[in-house]
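Read top to bottom, the protein sequences are chains A and B.
Residue numbers for the first sequence follow the working numbering, so the first one is 1 and each next one is one higher.
Residue numbers for the second sequence follow the working numbering, so the first one is 195 and each next one is one higher.
Note that CB positions come from ideal geometry on N, CA and C, so glycine has one too.
Take a look at the structure set out below.
There are 2 protein chains.
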Amino acid sequence: MPLLLLKDLPRYECLLEGAKVFPELDPSACEAYLHLLRAGDEVFSVTERNLAEHTISQGRFSVLMLLWNSTQRRTSAGEAVEPCRPAGPRTPAELADAAGVTRATMTGLIDTLERDGLVRREPDPDDRRMMSVRLTPKAEDFVAALLPAHFRIMARLMAPLSETERKTLVSLLTKILQSANELTSTPPALSASS
Amino acid sequence: MPLLLLKDLPRYECLLEGAKVFPELDPSACEAYLHLLRAGDEVFSVTERNLAEHTISQGRFSVLMLLWNSTQRRTSAGEAVEPCRPAGPRTPAELADAAGVTRATMTGLIDTLERDGLVRREPDPDDRRMMSVRLTPKAEDFVAALLPAHFRIMARLMAPLSETERKTLVSLLTKILQSANELTSTPPALSASS
DNA sequence: CTTTTTTAGTTAGCCACCTAACTATCTGCT
DNA sequence: AGCAGATAGTTAGGTGGCTAACTAAAAAAG
Numbered sequence: 001m002p003l004l005l006l007k008d009l010p011r012y013e014c015l016l017e018g019a020k021v022f023p024e025l026d027p028s029a030c031e032a033y034l035h036l037l038r039a040g041d042e043v044f045s046v047t048e049r050n051l052a053e054h055t056i057s058q059g060r061f062s063v064l065m066l067l068w069n070s071t072q073r074r075t076s077a078g079e080a081v082e083p084c085r086p087a088g089p090r091t092p093a094e095l096a097d098a099a100g101v102t103r104a105t106m107t108g109l110i111d112t113l114e115r116d117g118l119v120r121r122e123p124d125p126d127d128r129r130m131m132s133v134r135l136t137p138k139a140e141d142f143v144a145a146l147l148p149a150h151f152r153i154m155a156r157l158m159a160p161l162s163e164t165e166r167k168t169l170v171s172l173l174t175k176i177l178q179s180a181n182e183l184t185s186t187p188p189a190l191s192a193s194s
Numbered sequence: 195m196p197l198l199l200l201k202d203l204p205r206y207e208c209l210l211e212g213a214k215v216f217p218e219l220d221p222s223a224c225e226a227y228l229h230l231l232r233a234g235d236e237v238f239s240v241t242e243r244n245l246a247e248h249t250i251s252q253g254r255f256s257v258l259m260l261l262w263n264s265t266q267r268r269t270s271a272g273e274a275v276e277p278c279r280p281a282g283p284r285t286p287a288e289l290a291d292a293a294g295v296t297r298a299t300m301t302g303l304i305d306t307l308e309r310d311g312l313v314r315r316e317p318d319p320d321d322r323r324m325m326s327v328r329l330t331p332k333a334e335d336f337v338a339a340l341l342p343a344h345f346r347i348m349a350r351l352m353a354p355l356s357e358t359e360r361k362t363l364v365s366l367l368t369k370i371l372q373s374a375n376e377l378t379s380t381p382p383a384l385s386a387s388s
């Protein structure tokens, strides 16, 4: 449960009320914003609860998935196929980058994964600064056993939406993601108006 | 940044590929799921960054908003109006409930808010187990100064969507929220299929 | 009127996120 | 060759989430 947001979303009339006090308040934008965070949080915590039953956190699971993705690529790379991702992350720095966390955070995650016997750190023979992180066989079994339930949860979450609605949702979310990225890459003009 | 999720979303072909290995993988559901978490995370972190410029976290901000909502209600309650919320939370337990965190977490948040001079704890005269949490004048100014920028961010995030699209988004998210709540309230049937 | 149970809040300890500072190594410039 | 700067990873310390165990007070049971 990452967010900490209002559990009960405000009613639309309240937003209209608020817009009288704050002219900056765009009611429909605010409503969409709150619903997005609320739904994201709830969906997140549903999958998190499932993962927790297998005594693993979202963060550690993401690391396992990234590494597992890499091994899948290697093992099935007899032919020149699988162009899904360029290489597959191996070092802590690559993993941190792929997962969108800092290297310090990744150090901590790998620490606990290694303590639990799911990954191993191996020094890079060429560059002694670097480490290579590898899944243990135990982790591969673990992930393979975990994924079916994980995918079932996703399917159930999205069950009420038709294929068309899913596509619509994805395209709307993509637009929002783009505008968020623009806001991110444009640090100025924050408290000042446009 | 709560999530720790893949920064680059997998391409749809990869999901189709994965569905061959895992029959439980519903590609369009998975795509919608990943986009939802990704967009939610990004939007969250955009607003978080804005709040951080005012040296406050999302969690503390939520607490301030809940309390501020209450005070607004009281001060303008000369007439019998504002039915937006029944009462407005005042005690740590009510705040925790409204914010969707545990009481222990709320204790920590109030601790830091009190340390920063934004709230005060006052003992309840009737029930000596209870505390009443109040905003300081400093906090009221702080929130009032913060909100315009906060609302502007929301408006910019949602700028690419038309009013119709926003309504569509809200209705799709509401459906997902409902199915998430059903999954939450139905603890069994997790790893087992339906 | 005691005793038990429930409730409000806190404390303690874990995890995962962050930033900043540090060590070790490699790279590049002169 | 030798040193400055870049890079990989870790460490240290802070925050905000959690659960579980605790204290104090109120409510319920006898």
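Min CB distance B:T265 to chain A below 9 Å
Here the question's residue 265 of chain B lines up with position 71 in the second sequence. Judged by the 9 Å Cβ criterion, B:T265 is not in contact with chain A.
Say whether chain B places a C-beta atom closer than 9 Å to the C-beta of A:D124.
Residue numbering aside, residue 124 of chain A sits at position 124 when the first sequence is read from its first letter. Not an interface residue.
Output yes or no for whether 9 Å exceeds the beta carbon distance between A:L109 and A:K138.
Taking the first sequence and counting its residues from 1, the one referred to as residue 109 of chain A is at position 109. Taking the first sequence and counting its residues from 1, the one referred to as residue 138 of chain A is at position 138. Cβ distance not < 9 Å, so A:L109 and A:K138 don't count as in contact.
Tell me whether B:V187 sits in a helix, a strand or coil according to DSSP, three-state version.
The question about residue 187 of chain B has no answer here: the residues shown for chain B are numbered 195 through 388.
Buried or exposed: B:E225, going by 16 or more other Cβ atoms within 10 Å of its Cβ?
By one-based count along the second sequence, residue 225 of chain B stands at place 31. Result: buried.
Note down, one range per segment and in chain order, each beta strand (DSSP E) of at least 3 residues found wholly within the stretch 300-373 of chain B.
Entirely contained in the stretch 300-373 of chain B, the beta strand (DSSP E) runs reaching 3 residues are, in chain order, 313-317 and 325-329.
Please decide whether B:T285 counts as near chain A, where near means a Cβ-Cβ distance under 9 Å.
Against the second sequence, residue 285 of chain B aligns to sequence position 91. Chain A, which has no Cβ nearer than 9 Å to the Cβ of B:T285, makes this no.
To be precise: take each residue of the stretch 149-169 of chain A, compare its Cβ to all Cβ atoms of chain B, and keep it if any distance is under 9 Å. Which residues remain?
For the stretch 149-169 of chain A, the residues whose beta carbon sits under 9 Å from a beta carbon of chain B are, in order, A149, H150, F151, R152, I153, M154, A155, R156, L157, M158, A159, P160, L161, E163, E165, R166, K167, T168 and L169.
Straight-line Cα distance separating A:Y33 from B:A339:
Within the second sequence, the letter at position 145 stands for residue 339 of chain B. Within the first sequence, the letter at position 33 stands for residue 33 of chain A. Using only the alpha carbons, I get a separation of about 20 Å.
B:L210 and B:P221 look like a contact to me (Cβ under 8 Å); what is the Cβ gap, rounded to whole Å?
Taking the second sequence and counting its residues from 1, one reaches residue 210 of chain B at position 16. Taking the second sequence and counting its residues from 1, one reaches residue 221 of chain B at position 27. Correct: roughly 5 Å between the Cβ atoms.
A:S179 to A:W68, Cα distance in whole Å?
Within the first sequence, numbered from 1, the residue matching residue 179 of chain A stands at position 179. Within the first sequence, numbered from 1, the residue matching residue 68 of chain A stands at position 68. Each residue's Cα considered, the two are about 32 Å apart.
Cβ neighbour criterion (16 or more within 10 Å) applied to A:P92:
Along the first sequence, read from residue 1 onward, the residue named residue 92 of chain A stands at position 92. With 16 or more Cβ atoms within 10 Å of its Cβ, A:P92 is classed as buried.
Where do the ends of the alpha helix (DSSP H) carrying B:D221 lie?
Looking up residue 221 of chain B in the second sequence gives position 27. The sequence shown places Pro at residue 221 of chain B, not Asp. P221 to E247 is the extent of the alpha helix (DSSP H) around B:P221.
Just checking: is the beta-carbon of A:S28 within a distance shorter than 9 Å of some beta-carbon in chain B?
Walking along the first sequence from the start, residue 28 of chain A turns up at place 28. Closer than 9 Å to some Cβ of chain B, the Cβ of A:S28 qualifies, so yes.
Where does the unbroken alpha helix (DSSP H) through A:V21 begin, and where does it stop?
In the first sequence, counting from the first residue as 1, residue 21 of chain A sits at position 21. A:V21 -> alpha helix (DSSP H) spans Y12 to V21.
Contact list for the stretch 237-252 of chain B against chain A, Cβ threshold 7 Å
Residues of the stretch 237-252 of chain B whose Cβ lies closer than 7 Å to any Cβ of chain A, in chain order: V237, F238, V240, N244, E247 and Q252.
Under the three-state reduction of DSSP, which class applies to A:E24: helix, strand or coil?
In the first sequence, the residue the question calls residue 24 of chain A occupies position 24. Correct three-state label for A:E24: coil.
Taking Cβ positions only, does A:A32 come closer than 9 Å to chain B?
If you number the first sequence from 1, residue 32 of chain A lands on position 32. For A:A32, the answer is yes, since a Cβ of chain B falls inside 9 Å of its Cβ.
Where the alpha helix (DSSP H) through A:L97 begins and ends:
Within the first sequence, the letter at position 97 stands for residue 97 of chain A. Inspection of the sequence shows that residue 97 of chain A is occupied by Asp rather than by Leu. Its alpha helix (DSSP H) spans residues P92 to A99.
For A:F22, would you say it is in contact with chain B, using Cβ-to-Cβ distances shorter than 9 Å as the test?
Here residue 22 of chain A refers to the residue found at position 22 of the first sequence. Yes, because at least one Cβ of chain B sits closer than 9 Å to the Cβ of A:F22.
B:H229 vs A:L9 beta-carbon contact at 9 Å:
The count along the second sequence starts at 1 and reaches residue 229 of chain B at position 35. The count along the first sequence starts at 1 and reaches residue 9 of chain A at position 9. Judged by their CB atoms, B:H229 and A:L9 are not nearer to each other than the 9 Å cut-off.
When the cut-off is 9 Å and only beta carbons count, does B:G234 lie next to chain A?
Translated into positions along the second sequence, residue 234 of chain B becomes position 40. Taking CB atoms only, B:G234 has a neighbour in chain A less than 9 Å away.
Looking only at its chain, what residues have a beta carbon closer than 8 Å to the beta carbon of A:L57, apart from the 5 residues adjacent to it on each side?
By one-based count along the first sequence, residue 57 of chain A stands at place 57. Sequence inspection shows Ser at residue 57 of chain A; the Leu mentioned does not correspond to that position. E48 and L51.
Going by the C-beta, is A:T47 closer than 8 Å to any heavy atom of the ligand ADP?
Judged by which ligands are present, the structure shown has none, so any question about the ligand ADP falls away.
Report all residues from its chain with a CB closer than 6 Å to the CB of B:I370; omit the five preceding and five following residues, and keep chain order.
Numbered from its first residue, the second sequence carries residue 370 of chain B at position 176. Result list for B:I370: empty, nothing under 6 Å.
Quick one: does B:I304 have its CB under 9 Å from some CB of chain A?
Within the second sequence, the letter at position 110 stands for residue 304 of chain B. Taking Cβ atoms only, chain A never reaches closer than 9 Å to B:I304, which makes this a no.
Can B:R309 and B:M325 be called in contact, C-beta distance under 9 Å?
Position 115 of the second sequence, counted from the first residue, corresponds to residue 309 of chain B. Position 131 of the second sequence, counted from the first residue, corresponds to residue 325 of chain B. Contact: no.
May I ask you to list, following chain order, the residues of the stretch 170-181 of chain A that have a beta carbon less than 8 Å from some beta carbon of chain B?
Per Cβ criterion, the list reads V170, L172, L173, T174, K175, I176, L177, Q178, S179, A180 and N181.
Name the chain A residues whose beta carbon is nearer than 7 Å to that of B:L393?
Nothing in the structure corresponds to residue 393 of chain B, since chain B is present only between 195 and 388.
At 9 Å on the CB atoms, spell out the chain A contacts of B:T378, in chain order.
The residue labelled residue 378 of chain B in the question sits at position 184 within the second sequence. Here the neighbours are E42, S45, V46 and R49.
Partner residues on chain A for B:L258, Cβ-Cβ distance less than 7 Å:
Position 64 of the second sequence, counting from 1, holds the residue named residue 258 of chain B. Annotation: B:L258 has no Cβ neighbours in chain A at a cutoff of 7 Å; minimum Cβ distance is about 12 Å.
Contacts that A:L37 makes with chain B (C-beta to C-beta distance below 9 Å)
The residue you call residue 37 of chain A lines up with position 37 of the first sequence. The answer, in chain order, is G234, V237, F238 and T241.
Please check the pair B:A293 and B:L260, which I expect to be a contact at CB under 8 Å, by giving their CB distance rounded to whole angstroms.
For this step, residue 293 of chain B is matched to residue 99 along the second sequence. For this step, residue 260 of chain B is matched to residue 66 along the second sequence. So it is a contact: roughly 6 Å between Cβ atoms.
Return helix, strand or coil for B:S256, following the three-state DSSP convention.
Within the second sequence, residue 256 of chain B is the residue found at index 62, counting from 1. Three-state result, B:S256: helix.
Decide if A:D124 is buried, meaning its Cβ has at least 16 other Cβ atoms within 10 Å, or exposed.
As a first step, residue 124 of chain A is located in the first sequence; it is residue number 124 there, counting from the start. So A:D124 ends up on the exposed side.
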